[in-house]
Structure formats: C-alpha cells, structure tokens
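Take a look at the structure below.
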Amino acid sequence: MQRALHMRRLSVTVTRSRWRSARLSSSTLVRASLLHPTWSSALSQLQNSQRNLSVRAFSSVAPSEASIAVPSAAKDAETTILSVEQREEVVQLLKTRCNALYDDNQAYVEPSEALALWSRDIQSIQSRHTVEEQQELRDEVLRAYETGVAIASKQRQFELAKALVTQMKELGYPATDQIHQYVIRNVALELLQRPRHTPIGELREVLKDVTDDKWDREIMSIIDREEQPVHLKTKKEHALFKDKLIAAIEAKLDEYEREVGAQEKRSTAPYNEALRVYADSSVPFSHMLELMVARGLVADVGTYDALLLGARWNEIPATVKQLLESNLVDQLSSESSVANSDSVRQLWVNAMKAIVHSSSERFGSPSASVNKRDVDQLRKIFLFVDKKLSSAFPKFCFALVEQQDDVLNMRVKAAAACGLVGPVKKILDEYAARSSEQTLSKTPFLTALEVFPWSQMDILLLTREDALARAEDRDVRTSPRVKDMKRVYDRVMQKLNKAEQTIDTLQLKASSNKDMPETDQLALQQELAMANRTVEQESHTAETLERRLTQTRILKANQLLIQEHLKRGDRMVEHVLEKLLNAGFDVENDLDLNIKIMEQYMTSALRFEKRLTQRKLHVSPHIMSRVFKLVNVVSEHVKSGGIDVQDPETHDKLFQFFERAVCAAVRFWREKETTAIVNQQQRILGSNKLDQREYDLLIFQRVTNLDVRGAHSLLEEMHFAGIKPSQEAIHRIAIGLLHQLHAIPAGFEEMARRDSDTDGDMVEGDGVEESDMQGVEQIGTDADDALDSEVSELLELSERDAIEKELGLSEALRFDGDEKFNPQSAAARVALLGSDAPMTIEDLTGFLQDWYNLYRVKPSGKTVVPVLARLLDTNNIPEFRRLLQILESMEGGLTPATELWLEKRLKQHGKTLDDFRLKRN
Numbered sequence: 027m028q029r030a031l032h033m034r035r036l037s038v039t040v041t042r043s044r045w046r047s048a049r050l051s052s053s054t055l056v057r058a059s060l061l062h063p064t065w066s067s068a069l070s071q072l073q074n075s076q077r078n079l080s081v082r083a084f085s086s087v088a089p090s091e092a093s094i095a096v097p098s099a100a101k102d103a104e105t106t107i108l109s110v111e112q113r114e115e116v117v118q119l120l121k122t123r124c125n126a127l128y129d130d131n132q133a134y135v136e137p138s139e140a141l142a143l144w145s146r147d148i149q150s151i152q153s154r155h156t157v158e159e160q161q162e163l164r165d166e167v168l169r170a171y172e173t174g175v176a177i178a179s180k181q182r183q184f185e186l187a188k189a190l191v192t193q194m195k196e197l198g199y200p201a202t203d204q205i206h207q208y209v210i211r212n213v214a215l216e217l218l219q220r221p222r223h224t225p226i227g228e229l230r231e232v233l234k235d236v237t238d239d240k241w242d243r244e245i246m247s248i249i250d251r252e253e254q255p256v257h258l259k260t261k262k263e264h265a266l267f268k269d270k271l272i273a274a275i276e277a278k279l280d281e282y283e284r285e286v287g288a289q290e291k292r293s294t295a296p297y298n299e300a301l302r303v304y305a306d307s308s309v310p311f312s313h314m315l316e317l318m319v320a321r322g323l324v325a326d327v328g329t330y331d332a333l334l335l336g337a338r339w340n341e342i343p344a345t346v347k348q349l350l351e352s353n354l355v356d357q358l359s360s361e362s363s364v365a366n367s368d369s370v371r372q373l374w375v376n377a378m379k380a381i382v383h384s385s386s387e388r389f390g391s392p393s394a395s396v397n398k399r400d401v402d403q404l405r406k407i408f409l410f411v412d413k414k415l416s417s418a419f420p421k422f423c424f425a426l427v428e429q430q431d432d433v434l435n436m437r438v439k440a441a442a443a444c445g446l447v448g449p450v451k452k453i454l455d456e457y458a459a460r461s462s463e464q465t466l467s468k469t470p471f472l473t474a475l476e477v478f479p480w481s482q483m484d485i486l487l488l489t490r491e492d493a494l495a496r497a498e499d500r501d502v503r504t505s506p507r508v509k510d511m512k513r514v515y516d517r518v519m520q521k522l523n524k525a526e527q528t529i530d531t532l533q534l535k536a537s538s539n540k541d542m543p544e545t546d547q548l549a550l551q552q553e554l555a556m557a558n559r560t561v562e563q564e565s566h567t568a569e570t571l572e573r574r575l576t577q578t579r580i581l582k583a584n585q586l587l588i589q590e591h592l593k594r595g596d597r598m599v600e601h602v603l604e605k606l607l608n609a610g611f612d613v614e615n616d617l618d619l620n621i622k623i624m625e626q627y628m629t630s631a632l633r634f635e636k637r638l639t640q641r642k643l644h645v646s647p648h649i650m651s652r653v654f655k656l657v658n659v660v661s662e663h664v665k666s667g668g669i670d671v672q673d674p675e676t677h678d679k680l681f682q683f684f685e686r687a688v689c690a691a692v693r694f695w696r697e698k699e700t701t702a703i704v705n706q707q708q709r710i711l712g713s714n715k716l717d718q719r720e721y722d723l724l725i726f727q728r729v730t731n732l733d734v735r736g737a738h739s740l741l742e743e744m745h746f747a748g749i750k751p752s753q754e755a756i757h758r759i760a761i762g763l764l765h766q767l768h769a770i771p772a773g774f775e776e777m778a779r780r781d782s783d784t785d786g787d788m789v790e791g792d793g794v795e796e797s798d799m800q801g802v803e804q805i806g807t808d809a810d811d812a813l814d815s816e817v818s819e820l821l822e823l824s825e826r827d828a829i830e831k832e833l834g835l836s837e838a839l840r841f842d843g844d845e846k847f848n849p850q851s852a853a854a855r856v857a858l859l860g861s862d863a864p865m866t867i868e869d870l871t872g873f874l875q876d877w878y879n880l881y882r883v884k885p886s887g888k889t890v891v892p893v894l895a896r897l898l899d900t901n902n903i904p905e906f907r908r909l910l911q912i913l914e915s916m917e918g919g920l921t922p923a924t925e926l927w928l929e930k931r932l933k934q935h936g937k938t939l940d941d942f943r944l945k946r947n
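Each number in the working numbering corresponds to the 1-based position in the sequence shown with 26 added.
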C-alpha cells in the first residue's frame, strides 16, 4: 500500500518557524544520542523496519493473481509436513476471506459477518491441522491478517481493522511489524476522518483563554477556515489536533511495549511509522526521539527515512550528515537486493521531498515575501544534499528500474523547486544517457518543466535601482514611447525657457524705462503677468512629463528585465522538448505535455498575480502571450485531426488544458483574455458547456468586478447544464452582493476582501493621474494648440498599453474567430440569466435557501455570518429569524463556529438562540 494511507502535509499557511526552532534546540542532543554511529546490528535487522507497506503474498487477492507463489512454498520438500495441495487449499481459503473485504467486490460481506467468517475459518485451520502443521501455516495466516488489516485501513474501516487485530491476538497470532505500522497510521487517519467542522465543545476549549478584545478576531479566523482540512485551520485548532494525535499514538506505542514485554529484540518499525505520521502532520519529533532513546531503540534506515521526511531547511543537510556518518551506507551498498534498493530509493526520495516541501512552504504562497538570502540558502541545501547522496551511492545499482526512475524524478523536482536550471539539465542528461539500457519514462521530462515558474524567482527580487540601471541601455532610450515622451518634454522645456526669457526681457525693459507712460506700463505689466502664467503652466506640464518620462523608462526597463527572465524559462522548455524528441516521444500531439506546460503558466499566475502587481512589475502580458500561443498550437492540432476530440480521454484532457488557461487569465485579472479563451474552448470542443472549476473561476472574476448579475447568470448556466455549483461560488456571490450594497458589517472587511479581492493597484505609468491633466488644456495661446493637443494625447495614453504594444504583446492576445464573438448577444444573455440575481439583503436569504433546495449546497459559516451580522446591525429581526430558521432546517446548516459566534453576539443583546428558533408545541 506504500503511501496509500498518506496524509496531507501541513501547508504554507501554518507557520513552522516556532516549533522548528524549538525542535532544533530541544532535540539536537536526543538526535545525536539516537543516531550516534555505533551500529552493530546486521543488515537483516535493518530490513525489519523497512517503510515499504505493501502487502506481501496477499497484497492482491484478485483471481488473476491467485497463482502468486508464497515464500514458504519454496521450502525444501523434505522439511515440510504439508503437501503442496494442502498448503494451496489453505492459501485459497485465506484469499477468499481477503477478497470478501473489498467493498467493490461482488463477494463483499459486511464487517460483522466478515469477522465471524474469519474466526470460523482460522479456527477450522487450527482444528484440522496438527501443531507442527499449524506452525508451517503460521506465516500464511499472519500475511492474511496483514492483508485484511491493510484492506480495511485503505477503505477507512477502522473498527474492522481494530477487530481483526484483536481477533488474531485472541487466536494466538501476534501482530506483525506491518500490522503495528497500520495501527499507528490509522490513529491519524481516524482523527482526520472526523467532520471538518471543529465540534463546539472543542471550540470552547480552544477559545477559553482568549481575551475579549481578541475573541472576535479569533472566532472569525476559525469561521473563515471552518471548511478547510485540519492542516489549514487556525494554529489553535491544529495544536489541539496535534495534542490528540500525540496522545493517541503514544498510547498505541505503550500498548506495543506491553505486548513485547521484556523481550530483548524489539522492532523500531512502529516508532518509525509514528515518526512518519508526525512528519506528515508537522508534529515536532523531539518527544518521540526522547521516547526511543529512553526505550533503548537504535536508529535504522526507517528512522532516517522518517526524519528526512519531516526535515526542513537546515535540518535536511544535518540529517544527511548523520546518515553518512553511520555505517548504514556501507551496509546498504553491500548488496543490491530489492529491500536494500528500496531503502536507498526511500532515503533519496525523502531528502528531495524535504527540499520540495521547504520550497513550497516558504515561497508557494502569493502573500509570502521572498528575499535572495532564502532563495540562495535553499539552492545551497539542494546542491549539498544531492552531492553527498551521489557520493554516498556513486555506482549503486537499483534492483528495479522503477526505483531508479523515482529517485531521478524527485531529484529533478527538487532542483526545479529551487529554480536551478543547470542541475535540472544535468540530471535529465544523465537520464537520457540510459536510453540504450532501458525504456525512458516521460515523467522526469515533464517534471523538469516545473522549473519554469520557479526560475522566475529573480523577478520578485528586482528593485527600482535595477530598473533605473537597465533604463540607461540603448533599447530603453530608443523605445518609441520613451522617444515620444522625451520629444514632447523637450518642446515643452523650449517653450518654458522661451517664456522665462520673455519675463527677463520684460523685467529689464520695465527697470530701464521707469519714466514710460502709464499706458505703456500697464501694457507691460499685462505682458509680464501673461508670461508668468505661461511659466507656471508650462512648469506644471514639464514636471508632469518628466515624472511620466521616468515612469515610462522604468516600466520599459522592467518589461525588458521580465522578458529576459522568462526567455530563460522558455529555453528550458525548449531543452525539455528536444530531449523528449530525442527519446522518441511524440511532442506535437502530446496533450500531457501541453497540459504540463500550461500548468506552469497557471502556477506563474497564482504566484505572481499579487506580488508583481504590487511591486509595479507587469508579468501578466508576457505569460498570457505564451498561454495564447500554446492554445493556438493545440487548436491547430485539433483542427488538423492530430488530436481526436471525440475520444473521451482526449476530451477530458482538453478540458484540463483549457481550465488551466482560464485560471491563468482569471488570476492575472485579464477579463478580455478570459472571455477569448472560453470562446476558443467552446469552438474547439464544440460545446458551450464548461466544467465546475471553470465556472468557479469565472464567477470569482465577475464578483471581483462587483458584477453580481453576471456572476448569477453563470450560476444559472451551471443549473441548466446540470452542474452542481460549489459552496465557494455561492459564497462569492453572497459576499459580492454585500459589497455592492456597501453592507459589509464592521469587523468583516478583511474576510470579505480576501474573498473578492480586486487588485486595484495601478502600475507606475499605468493609467492617467488626475493631477497629470490639471492645467494641460489651457497651456499657452492659440499658436500652441498643436503642442497642447499632443501633450494631452500623450498623457491620456497608458504607458502599459504603449509598452505592451511595442513588445508585440497586445497583438498576441487574440485568436482566429474572435471577430465572430458578439458582445451584445453575450450581454443580452447575461441580462436574461442574471435577471433573478439577488438585489437586496432579503433576496440573499432566499438565494441561499434556493440553491440548498436545488443541490443541497449548504452555505458555509463565512457566508452566513456576515449576513447575520448585517441583519443584527440593522435590527432586521424578522429576516434574521427567517435566515436562522432556514439554516437550522438544513442538515448541518448552522455550523459549530457560527453557533458559537451567534451565542456571543446575541448575549450582547440580552438574547439567546432559543429566542429566535421556531417554537414547536
């Protein structure tokens, strides 16, 4: 089963720094004592703790594999008591019992009946065979129970798994290391299987020490993440989960200790599995390591496997150093067995995974800051770890090609996660060199494409100084927009200088002719006043033009810098395509390849859309031009027949391809381009139907523009297409209406902003500042009208549009057939489908009820709480009562966090929930 029961890792939103530093300080000595290189155990002892959780003889009990040979059947016939037929009869009986546990099997029986059948058949085996024969069959029975527990665990039938373990012990069979590992893993999985909403009792426990001034913020944070899995919940909720996990796992380990008693030989397998569960759940290792030291356990390969899985940043090279200082490397290298080979694979893969997770947790969030020191540090960690492991296993021959491919693929992924183009190419070259020895897999080549978004990390590090330095180059100075701005600026300066000279002349004339007639003096003063007014106006215009000229030069420099960085990524993509061609893969019509490339553009949008806009850098037109180019390529292959749209699998892949393209356009806030991609998708696929994810993205885009009617029309489209809307789509429309009505309650602004975040930041030189235009229309006299008109026209033009046009980006963002799109028809359709959109707070209550009645889509807590708060703030008690009763009529409609918030809020008004509930006689 290997990682079939693998739990999701803690995401970047949960801060690790606090416990990581604690783990480094408190567990260093424990690690040293546990991992001290005093290894005397034989290699066979290491094999007992392998992390390979695959079920052995009974890993598959399908009829097609009924002939799998069992290890005990290979024994010498002279030493066996049972005949081959007798053994095969028992094996088939046990396989039948295992088959009956699969819930998708026709032979499936309910758990209670299955347990009775297991007990009956095992007791039958015991009664029909002598003690010596039972001893020979012991391994078969143990493997059968291992398989049974594995099947039950995979199907999340935890009570059945526990009952099987209890039953085997009662029948005289001790739990194996494999079963103990399943038991440990199931502790975490059972905790995760609970409803996502934290129970109200636990919420009270979490919030009991929170002061009143922080209570509202804390409960709103809980409500905001209420639908998220546990690793994305608040720190307090996740800490509560970790406490429960630690207590439950240590209880299982104590139970294991009682079972083995005072036996000298104990396995580290349960403890290693506990460490792996801790790694998956971001639980510090310190206490578990102390426990292992106190119980006299010696670290083995499985221990390092788990430690590497949970290591981050500097912990990774530290753990690798400890591994290399032990004698495990020599032991593993001494023989190229499947077990040793898998151990080497797992160590290497987990070391690379640790680097990938360190990268994604630190840099993956769009809101995370990025600095060069962190980027360089992670790159050094990869280079160090990859070099050390390569030196430790320089000529290691993996027993299976798949193991070797796994290692190479993870090395590529880790190098790509650090943005290291050179190492990615080097590793791919190593892999391609094996083409004469083995059939190459496409996976490592596709993984190498992941370097594209990460190789742009340097874009985030660009500064104004970098742009100013680049602006001195010839290609910036000769930019048409820069030249136009400079030419007009020079003409305005000439006019300004001329006006200043006129003032000097008039002042000299006035001082030298003090006895001139009064009429001449008056005329001279009027000329002087007009000249001063001209200087004032021209000074303002010159300052505006100078500022815009600087902005234009910086924007042009930024665009060129971005273009240069992205071209490096393009060269990497071309390198991968070349390698695939050389390896004999069909690059032209490979949708998997095109999906992977489009995925990188989407990832760039998700990572850069906020960071780069706020930093006044424009990456979106560059990425979108690549998106359109790739869509055009795929469209041409479809039209030429190279890609068969009628094939169901191909059709699904095309949906995936376009979904990623739409996501990139939406996240880059390119509404026009989004519409163009959707229209192209509908033309290529011959259907107006989109998938749920695309509708979610389009609804998000409409809501961010406060177009609630447009968003609602998309919801109606989903309804007519028979597509169930997501909870998030309902939420966004509700929050969008509150925004539109200016009805976001006090204290809810941050939550609402996250859900309908319209990035309104203007880029330097993008758009027209009102101050730029003040006084421009009244510069000079009629003789200067031409210059005035040119200045006004120049200032009204967006620098961004001009620069994008220069770079040829605007022309690239269109498809053949776009001219057939009728915006009036689309607007009419939106008006028709959006006519029933909610317009008032009262409509919103009915809106939530209607979509629950249609599709059982329950509004989340973060949807209803702002609405309830608004109704209470405006003293709209009838509507508040109506919404509350509607929520309570839904199954799970009133979430625990919402109920707790309501209790506190109503208490401030001297009320309780019962005061508003429907009274029943």
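For glycine and all other residues, C-beta sits at the position ideal for the given N, C-alpha and C.
- Closest in alpha carbon position to residue 442, among 895, 598, 653, 827, is 598.
- Bounds of the alpha helix (DSSP H) holding residue 282 are 261-286.
- DSSP places residue 301 in the helix class (H, G or I) of the three-state scheme.
- Residue 702 and residue 463 have their alpha carbons spaced roughly 47 Å apart.
- Counted as a single uninterrupted DSSP element, the alpha helix (DSSP H) harbouring residue 124 occupies residues 110-125.
- By the Cβ test, the stretch 321-339 is in contact with the stretch 290-304, since at least three Cβ pairs between them sit closer than 8 Å.
- Take the alpha-carbon of residue 171 and the one of residue 161: they are about 16 Å apart.
- Counting along the chain, residue 418 sits inside the alpha helix (DSSP H) bounded by residues 398-418.
- With contacts defined by Cβ atoms closer than 8 Å, residue 477 and residue 433 do not form a contacting pair.
- The stretch 515-522 makes contact with the stretch 563-575: 3 or more CB pairs, one atom from each, lie closer than 8 Å.
- Sorting 262, 438, 557 by C-alpha distance to the C-alpha of residue 523 places 557 at the top.
- Taking C-beta separations shorter than 7 Å and ignoring five residues to either side along the sequence, the partners of residue 385 in its chain run 404, 443, 444, following chain order.
- In its chain, beyond the 5 residues on either side, 226, 939 have a beta carbon closer than 8 Å to the beta carbon of residue 925.
- Per DSSP, reduced to three states, the secondary structure at residue 374 is helical.
- About 6 Å separates the beta carbon of residue 688 from that of residue 700, a gap short enough to meet the 8 Å contact definition.
- Runs of the beta strand (DSSP E) lying entirely within the stretch 596-633 and spanning at least 3 residues: none are present.
- Collapsing the DSSP output to three states places residue 430 in a helix.
- Taking the CA atoms as reference points, residue 356 sits about 59 Å from residue 756.
- Residue 508 is positioned such that its CB atom lies no closer than 8 Å to that of residue 586.
- Residue 320: member of the alpha helix (DSSP H) spanning 312-320, first to last residue.
- In its chain, beyond the 5 residues on either side, 721, 724, 725 have a beta carbon closer than 6 Å to the beta carbon of residue 740.
- With respect to residue 866, residue 887 sits apart: the two C-beta atoms are not nearer than 8 Å.
- Between residue 870 and residue 679, the alpha-carbon positions lie close to 37 Å from each other.
- With 16 or more other Cβ atoms from the protein chains shown falling within 10 Å of its own Cβ, residue 567 counts as buried.
- Residue 580 is positioned such that its CB atom lies no closer than 8 Å to that of residue 486.
- In the DSSP assignment, residue 329 falls within the unbroken alpha helix (DSSP H) covering 327-336.
- DSSP, read as helix, strand or coil, puts residue 916 in coil.
- With respect to residue 758, residue 737 sits close: the two C-beta atoms are nearer than 8 Å.
- The beta carbons of residue 913 and residue 893 sit no closer together than 8 Å.
- Taking C-alpha positions only, residue 231 is separated from residue 273 by approximately 17 Å.
- Taking 8 Å as the upper bound for CB-CB distance, residue 611 and residue 468 are in contact here, some 6 Å apart.
- With contacts defined by Cβ atoms closer than 8 Å, residue 126 and residue 142 do not form a contacting pair.
- Look at residue 506 here: in three-state DSSP terms it is helix.
- Closest option to residue 683, judged by alpha-carbon separation, among 934, 706, 936, 696: 706.
- If the five residues before and after residue 883 are omitted, its C-beta is found closer than 8 Å to the C-beta atoms of 750, 751, 752, 753, 756, 877, all from its own chain and listed in chain order.
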